[in-house]
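Which chain is which? The protein sequence lines are A and B, in order. Going letter by letter, the first sequence gives residues 7 to 327 in this note's numbering. Going letter by letter, the second sequence gives residues 368 to 934 in this note's numbering. Think of the CB as a built atom: it goes at the ideal place given N, C-alpha and C, for glycine as much as any other residue. Let me begin by presenting the structure, written as structure tokens, before commenting on it.
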Amino acid sequence: MTVRALGLEEPLEAEELRPRIGVWRRLLRRKLAVVCIVVILAIYLAGLLAPWAAPYGFSEVDFDNIFAGPSLEHPFGTDRLGRDMLSRVMWAAQTTVIVSLAAIFTGGLFVGVTLGMLAGYAGGRTDNVIMRVADTFFALPDILLLLIITSTVRPRVNDLFDKFEGWPVVGDWVQQGAPDYFLVFGALSLFGWVGIARVIRSQVLALRESDYVLAARAAGASRRRIIFRHLLPNVSPIIIVALTLSLGSIAGAEVVLTWIGIGIQPPHPSFGAMIFDGSGLTNLRAHPNLLLIPAAVIAVLLYAFNLLGDVLNDIFSPRRR
Amino acid sequence: MRRLVLVVTGIAVALVIVIGGVTAALMTGGDGGGGGGGSQEPRGDGGGCPGPISGRSNHLCLFGADPITLDPALSSDASSATYIVEIFSGLVTFDAADPELPIIPDIAKSWKVSDDGTVYTFKLRKGVLFHDASRQVTAEDFKYSMERALDPDTLSTVALVYLGDIVGAREFSEGRADEVRGIRVDPDDPFTLEITIDAPKPYFLSKLTYPTAFVVDRRQVEGNPGSWVRQPNGTGPFRLDEWRLGERIVLEANERYYGEPKPSVSGITFLLAGGSALVMYENDEIDVSGIGVNDIERIRDPSEPLHEEFIEAPEMSTFYIGFNTEKPPFSDPKVRRAFAMSIDKKVLVEKVLKDLVLPAKGVFPPGLPGYNENLKGLPFDPDAARALLEDAGGVDQVLQEAGGKIVLTTSGRGATVGPVLEAIKAMWQTNLGLRERDIKIQQQTDFGIFLQDLDQGEFQMFDLGWIADYVDPQDFADIKFHSDSLNNETRYSNPEVDDLLERARVEQDPQKRLRLYRRAEEIIVQDAPWIMLFHSKVNALLKPYVKGFILAPFVMETLRYVRLEPQ
Numbered sequence: 007m008t009v010r011a012l013g014l015e016e017p018l019e020a021e022e023l024r025p026r027i028g029v030w031r032r033l034l035r036r037k038l039a040v041v042c043i044v045v046i047l048a049i050y051l052a053g054l055l056a057p058w059a060a061p062y063g064f065s066e067v068d069f070d071n072i073f074a075g076p077s078l079e080h081p082f083g084t085d086r087l088g089r090d091m092l093s094r095v096m097w098a099a100q101t102t103v104i105v106s107l108a109a110i111f112t113g114g115l116f117v118g119v120t121l122g123m124l125a126g127y128a129g130g131r132t133d134n135v136i137m138r139v140a141d142t143f144f145a146l147p148d149i150l151l152l153l154i155i156t157s158t159v160r161p162r163v164n165d166l167f168d169k170f171e172g173w174p175v176v177g178d179w180v181q182q183g184a185p186d187y188f189l190v191f192g193a194l195s196l197f198g199w200v201g202i203a204r205v206i207r208s209q210v211l212a213l214r215e216s217d218y219v220l221a222a223r224a225a226g227a228s229r230r231r232i233i234f235r236h237l238l239p240n241v242s243p244i245i246i247v248a249l250t251l252s253l254g255s256i257a258g259a260e261v262v263l264t265w266i267g268i269g270i271q272p273p274h275p276s277f278g279a280m281i282f283d284g285s286g287l288t289n290l291r292a293h294p295n296l297l298l299i300p301a302a303v304i305a306v307l308l309y310a311f312n313l314l315g316d317v318l319n320d321i322f323s324p325r326r327r
Numbered sequence: 368m369r370r371l372v373l374v375v376t377g378i379a380v381a382l383v384i385v386i387g388g389v390t391a392a393l394m395t396g397g398d399g400g401g402g403g404g405g406s407q408e409p410r411g412d413g414g415g416c417p418g419p420i421s422g423r424s425n426h427l428c429l430f431g432a433d434p435i436t437l438d439p440a441l442s443s444d445a446s447s448a449t450y451i452v453e454i455f456s457g458l459v460t461f462d463a464a465d466p467e468l469p470i471i472p473d474i475a476k477s478w479k480v481s482d483d484g485t486v487y488t489f490k491l492r493k494g495v496l497f498h499d500a501s502r503q504v505t506a507e508d509f510k511y512s513m514e515r516a517l518d519p520d521t522l523s524t525v526a527l528v529y530l531g532d533i534v535g536a537r538e539f540s541e542g543r544a545d546e547v548r549g550i551r552v553d554p555d556d557p558f559t560l561e562i563t564i565d566a567p568k569p570y571f572l573s574k575l576t577y578p579t580a581f582v583v584d585r586r587q588v589e590g591n592p593g594s595w596v597r598q599p600n601g602t603g604p605f606r607l608d609e610w611r612l613g614e615r616i617v618l619e620a621n622e623r624y625y626g627e628p629k630p631s632v633s634g635i636t637f638l639l640a641g642g643s644a645l646v647m648y649e650n651d652e653i654d655v656s657g658i659g660v661n662d663i664e665r666i667r668d669p670s671e672p673l674h675e676e677f678i679e680a681p682e683m684s685t686f687y688i689g690f691n692t693e694k695p696p697f698s699d700p701k702v703r704r705a706f707a708m709s710i711d712k713k714v715l716v717e718k719v720l721k722d723l724v725l726p727a728k729g730v731f732p733p734g735l736p737g738y739n740e741n742l743k744g745l746p747f748d749p750d751a752a753r754a755l756l757e758d759a760g761g762v763d764q765v766l767q768e769a770g771g772k773i774v775l776t777t778s779g780r781g782a783t784v785g786p787v788l789e790a791i792k793a794m795w796q797t798n799l800g801l802r803e804r805d806i807k808i809q810q811q812t813d814f815g816i817f818l819q820d821l822d823q824g825e826f827q828m829f830d831l832g833w834i835a836d837y838v839d840p841q842d843f844a845d846i847k848f849h850s851d852s853l854n855n856e857t858r859y860s861n862p863e864v865d866d867l868l869e870r871a872r873v874e875q876d877p878q879k880r881l882r883l884y885r886r887a888e889e890i891i892v893q894d895a896p897w898i899m900l901f902h903s904k905v906n907a908l909l910k911p912y913v914k915g916f917i918l919a920p921f922v923m924e925t926l927r928y929v930r931l932e933p934q
């Protein structure tokens, strides 16, 4: 949900934030980090390659094979309509990838970083306005607002997208349910930027007063040059850690929204929908694979993101190095 | 500095206390706000439900659904009626203990029908008390209750359906009369009620078993029009002890009940939430549980210990997908037939629903007079279905007329719709050559709003069921398919069917009458305003210590027959 860059609230010393060579190497030296990266990559790849690699379509029913247990043909079994669970898990991973990346790039990266830098560097009234808006978003219970937004705006978004029907490419996306994805990641982005903007602002506030920025300004560097050449590289570690952590939380938020019934709409698979279908005690007893497999996959993914975020935080944070 | 901190902390603490106090006051205030019935405080423990039988004092624990209303005049759905029939009562009722379900006296102790079959004279029992024992029921109360149901201000969508045969009911419900002429209290005897109907209709007496003809307490309704229904003062075998929305409904035996047998259990708790009924049943926390698709195969297995407690019985119901026959593309019977013929009911019933239900061919369920075993329903035939669709203008035109996509509205919530609709959607896609996106299944969370929208004709297509109100084909055919019926939510209109139904209403020869209904059914099946899907069954588990539990084929008052006999 809201992106909170944990453990990064305290401003770091400017000198220690210079871009460091060897971050990758240090990251790869940690076994935990490697495991996390492998897990994340595996799930993301499975999702991205689902259209080609999935053995069946996500809504391909087979009434003769309802509730089949795991077998060679269906390694994860089949669901109540005989749909292959492995394929559905892969397609659900694709939904997760699309929604979380889109939300990160719009909400976290684009809006969050821009507004954070702007607030920190410009200061004064701009800062005040941006941060008060951020406070407002932060103070409101986001799950409730997400509920309201997705349930009320949906018809309008659908109407908007219906206009594109028949267009090349875009029309195909609309056919495949793009409005849903758009709505869900749009709503998530709306809240995703607050945490990251706050952290970046506090960093920029400190960096703005540092000697090298002063020197750059004295040498006549333009505002744009200062922001992009001097400030941005120095806050990039924070951005990376915050984004990693929020990739996980956004994926989780999508699952929750879909589980409630206002996220991704069927038949497009999502872990939320699969967990909804498989839940219930009688279901769990009769066909545990239907609940446990999708739940395990999404849980592992979220866990991996959190651990990786922690490791990154350790690496970048000088005090714990 | 220190002082400032102290002041701020002080203010914060004060705020917490104030806000907390106000919230608490509001919450408790809201809880007690039901008032008006004058009955005593609920015990508040749900009679020991959910919990083992040993911890209860002769109290039955069931699983239930939230009612939309407990006002008999408004009752239009089965889950509301389940409670209403136990709390209220009317002139006549069904003998639930007799499989033939004959109509027997209830508050009326006897009745006479005039020779021309239009005037019913009821003699009421004396000494029938309302739950609060404040007074006894007279014929005047019945006149009031039925007129109240028909009153346009009551906003009942069903009163005319069940009471519309009474002379003057229609004028009254349209505000053109001050009273219903056909309901008359004998001026010399307050316990004699005379009801005149517009034509000799053999099924009329059955209609008086429906909640719209039940008696309500005028003093309570007029004294507390807003919320009397939260603590209704009825006359039935049970009185409402507690109703916590979405949590539980507790009924308590009415010790002054006039009928025989009197309720044997001291109370009944319906749990409206709380997880899986079957799991609670297996933990000995409730006494009856339905069985779903996931468990039915396990329980059918004779080696399973629970198999001993498995009970099964038919219900008089038909589940269907209805079309709005006034809106294109489904105003064209060919399109409707195409959609009907592309559903493989055999797969649906056997594979998806594991034989929990029976496949349906026609309107009437088995057991209902008029049911036609040899009816030729619409067959499953994808090729013919595609040809029909082509004939109607082709897929693209159908989609265009539907506004881009076909929308089926269902009531429910959550991430996905049930397996039945998902399977049907898949069948339409495969068999009619529709794309994934061409069919949308829309969920409406609130069943009450779903029914409202349905009445307004908002839906293209909807899925619903109809369970009998009484044992007569009129209840299905006339109510759902006559073009003047208020309950004809498909807006189906066929003059030939109307004519058959009108003749059947007054036909006195039972055999001829059934033939008329069968003929009407055949036409309806071909016109396909409904896609008949299946007839439901009771599939349940019943604890061995529960005796006399009646598996009625539709909603009727049965719970006073239940006895608890723990070893």
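- Query: Would B/F901 pass as a contact of B/P726 if the rule is Cβ separation under 8 Å?
  - Reply: On the second sequence, position 534 is the one that residue 901 of chain B refers to. On the second sequence, position 359 is the one that residue 726 of chain B refers to. Contact: yes.
- Query: Which stretch, first to last residue, makes up the alpha helix (DSSP H) that contains A/I321?
  - Reply: Taking the first residue of the first sequence as 1, we reach residue 321 of chain A at position 315. Residues 294-322.
- Contact residues within the segment 641-672 of chain B, judged by C-beta distance below 8 Å to chain A: Those residues of the segment 641-672 of chain B that come within reach of chain A (Cβ to Cβ, closer than 8 Å) are G642, S643, L645, V646, G659, V660, N661, D662, R665.
- Pairwise C-alpha distance: B/Y837 and B/P472: Translated into positions along the second sequence, residue 472 of chain B becomes position 105. Translated into positions along the second sequence, residue 837 of chain B becomes position 470. CA-CA distance, B/P472 to B/Y837, rounds to 15 Å.
- Spatially closest choice to B/E652 from B/E888, B/L427, B/L918, B/L799, by CA coordinates: By one-based count along the second sequence, residue 652 of chain B stands at place 285. Per the Cα distances, B/L427.
- Reduced DSSP secondary structure (H/G/I, E/B, other) of B/M683: Here residue 683 of chain B is taken as the residue at index 316 of the second sequence, counted from 1. Correct three-state label for B/M683: coil.
- Nearest neighbour of A/F234, chosen from A/V219, A/A224, A/A140, A/V247 [CA to CA]: On the first sequence, position 228 is the one that residue 234 of chain A refers to. Answer by Cα proximity: A/V219.
- Give the straight-line distance between the Cα atoms of B/N425 and B/E609, rounded to the nearest whole angstrom. Locating residue 425 of chain B in the second sequence gives position 58, where the first residue counts as 1. Locating residue 609 of chain B in the second sequence gives position 242, where the first residue counts as 1. So the two alpha carbons sit approximately 17 Å from each other.
- B/L517 to B/Q811, Cα distance in whole Å? On the second sequence, residue 517 of chain B is found 150 positions in, with the first residue counted as 1. On the second sequence, residue 811 of chain B is found 444 positions in, with the first residue counted as 1. Going by the C-alpha atoms only, they are around 29 Å apart.
- Ordered along the chain, which non-local residues of its own chain (more than five positions away) have a Cβ less than 8 Å from that of B/S633? As a position in the second sequence, residue 633 of chain B is number 266, starting the count at 1. So the list reads G414, S424, N425, H426, E619, A620, once near-sequence residues are dropped.
- Query: Would you say the segment 154-165 of chain A touches the segment 113-126 of chain A, given that touching needs at least three Cβ pairs under 8 Å?
  - Reply: By the criterion of at least three beta-carbon pairs nearer than 8 Å, the segment 154-165 of chain A is not in contact with the segment 113-126 of chain A.
- Query: Hey, would you say B/V486 sits closer than 8 Å to B/E538, going by beta carbons?
  - Reply: For the purposes of this step, residue 486 of chain B is identified with residue 119 of the second sequence, where counting begins at 1. For the purposes of this step, residue 538 of chain B is identified with residue 171 of the second sequence, where counting begins at 1. No Cβ-Cβ contact shorter than 8 Å links B/V486 with B/E538.
- Task: Specify, as a first and last residue, the run of the beta strand (DSSP E) that B/D836 falls within.
- Result: Numbered from 1 along the second sequence, position 469 holds the residue referred to as residue 836 of chain B. Here B/D836 belongs to no beta strand (DSSP E), and DSSP marks it neither H nor E.
- Message: Classify B/V429: buried if its beta carbon has 16 or more other beta carbons within 10 angstroms, exposed otherwise.
- Response: Taking the second sequence and counting its residues from 1, the one referred to as residue 429 of chain B is at position 62. The amino acid at residue 429 of chain B is misidentified as Val; the sequence shows Leu. B/L429 counts as buried, since no fewer than 16 other beta carbons sit within 10 angstroms of its beta carbon.
- A/Y294 versus A/A279 - alpha carbon distance: Reading the first sequence from its first residue, position 288 is the one you call residue 294 of chain A. Reading the first sequence from its first residue, position 273 is the one you call residue 279 of chain A. Here the sequence assigns Pro to residue 294 of chain A, which means Tyr is not the residue at that position. If you take the alpha carbons of A/P294 and A/A279, they lie about 16 Å apart.
- Chain-order list of residues whose beta-carbon lies under 8 Å from that of A/N312 (same chain, five-residue window excluded): Counted from its first residue, the first sequence places residue 312 of chain A at position 306. Sequence-distant Cβ neighbours of A/N312 in its own chain, meaning closer than 8 Å and more than five residues away, are L251, G254.
- Between A/R10 and B/D520, what straight-line distance do the alpha-carbon atoms span, to the nearest angstrom? Looking up residue 10 of chain A in the first sequence gives position 4. Looking up residue 520 of chain B in the second sequence gives position 153. Summary for A/R10: the model assigns pLDDT 43, below 50, so the residue's position carries little reliability, and this model does not support an answer.
- Message: Let me check understanding here. Comparing Cα to Cα, which of B/R492, B/S643, B/K490, B/G542 lies closest to B/E333?
- Response: For chain B, the structure presents residues 368 to 934; residue 333 of chain B sits outside this window and is missing.
- Message: Within 10 Å of its beta-carbon, does B/H498 have 16 or more other beta-carbons around it, so buried, or fewer, so exposed?
- Response: In the second sequence, residue 498 of chain B corresponds to position 131, counting from 1. Result: buried.
- Item | As assigned by DSSP and simplified to three states, the class of B/T488 | Within the second sequence, the letter at position 121 stands for residue 488 of chain B. Three-state result, B/T488: strand.
- Could you tell me whether any Cβ in chain A is nearer than 8 Å to the Cβ of B/T776? Here residue 776 of chain B is taken as the residue at index 409 of the second sequence, counted from 1. False, the Cβ-Cβ gap to chain A never drops below 8 Å.
- Message: My output table needs one value for B/M899: the three-state DSSP class, helix, strand or coil.
- Response: Position 532 of the second sequence, counted from the start, is the residue given in the question as residue 899 of chain B. Strand.
- Would you check if there are 3 or more beta carbon pairs closer than 8 Å linking the segment 671-690 of chain B to the segment 719-739 of chain B? Touching, yes, given that three or more Cβ pairs across the two stretches are closer than 8 Å.
- Message: Per DSSP, what are the beta-bridge partners of B/G634 in this structure?
- Response: Indexing the second sequence from 1 puts residue 634 of chain B at position 267. Under DSSP, B/G634 takes part in a beta bridge, and its partners are B/H426, B/E619.
- How do the segment 697-711 of chain B and the segment 797-813 of chain B stand: do at least 3 beta-carbon pairs fall below 8 Å, yes or no? Because the criterion of three Cβ pairs below 8 Å is met, the segment 697-711 of chain B and the segment 797-813 of chain B touch.
- Residues bridged to B/Q811 [DSSP beta-bridge criterion]: Along the second sequence, one-based indexing puts residue 811 of chain B at 444. BP columns for B/Q811 point to B/S778.
- Item | In DSSP terms, what B/L560 is bridged to | Mapped onto the second sequence, residue 560 of chain B falls at position 193. In the DSSP output, where bridge partners are listed per residue, B/L560 has B/F489, B/V552.
- Message: Quick check: is the beta carbon of B/V714 nearer than 8 Å to any beta carbon in chain A?
- Response: As a working mapping, residue 714 of chain B is identified with position 347 in the second sequence. Yes, B/V714 counts as interfacial toward chain A.
- Ordered along the chain, which non-local residues of its own chain (more than five positions away) have a Cβ less than 7 Å from that of A/L308? Here the question's residue 308 of chain A lines up with position 302 in the first sequence. Here the set comprises G254, A257, G258.
- Query: Can you tell which of B/E507, B/V765, B/N591 has its C-alpha closest to the C-alpha of B/P554?
  - Reply: The residue given as residue 554 of chain B occupies position 187 in the second sequence. The shortest Cα separation from B/P554 among B/E507, B/V765, B/N591 belongs to B/E507.
- Excluding five sequence neighbours on each side, which residues of the same chain lie with their C-beta closer than 8 Å to the C-beta of A/L12? By 1-based counting over the first sequence, the position of residue 12 of chain A is 6. Its pLDDT being 43, under 50, A/L12 is placed unreliably by the model, and the measurement read from it follows with that caveat. Within the same chain, A/L12 has close Cβ partners L251, G315, N319.
- Query: Looking at the C-beta of B/M708, does it have a partner C-beta in chain A at a distance below 8 Å?
  - Reply: Counting from one through the second sequence, the residue named residue 708 of chain B turns up at place 341. By this cut-off, B/M708 is not an interface position.
- What's the C-alpha gap between B/I982 and B/E622? Outside the displayed span of chain B (368 to 934) sits residue 982 of chain B, for which this structure offers no information.
- Those residues which DSSP pairs with B/K904 across a bridge: Taking the first residue of the second sequence as position 1, residue 904 of chain B is located at position 537. Answer is B/P681.
- Item | Where the segment 520-552 of chain B meets chain A: residues whose CB sits under 7 Å from a CB there | Residues passing the 7 Å Cβ filter: none.
- Leaving aside the five residues before and after B/I898 along the sequence, list all residues of the same chain whose C-beta is less than 7 Å from its C-beta, in chain order. Here residue 898 of chain B corresponds to residue number 531 of the second sequence, with the count starting at 1. Cβ within range, chain order: Y687, I688, F706, A707, I710.
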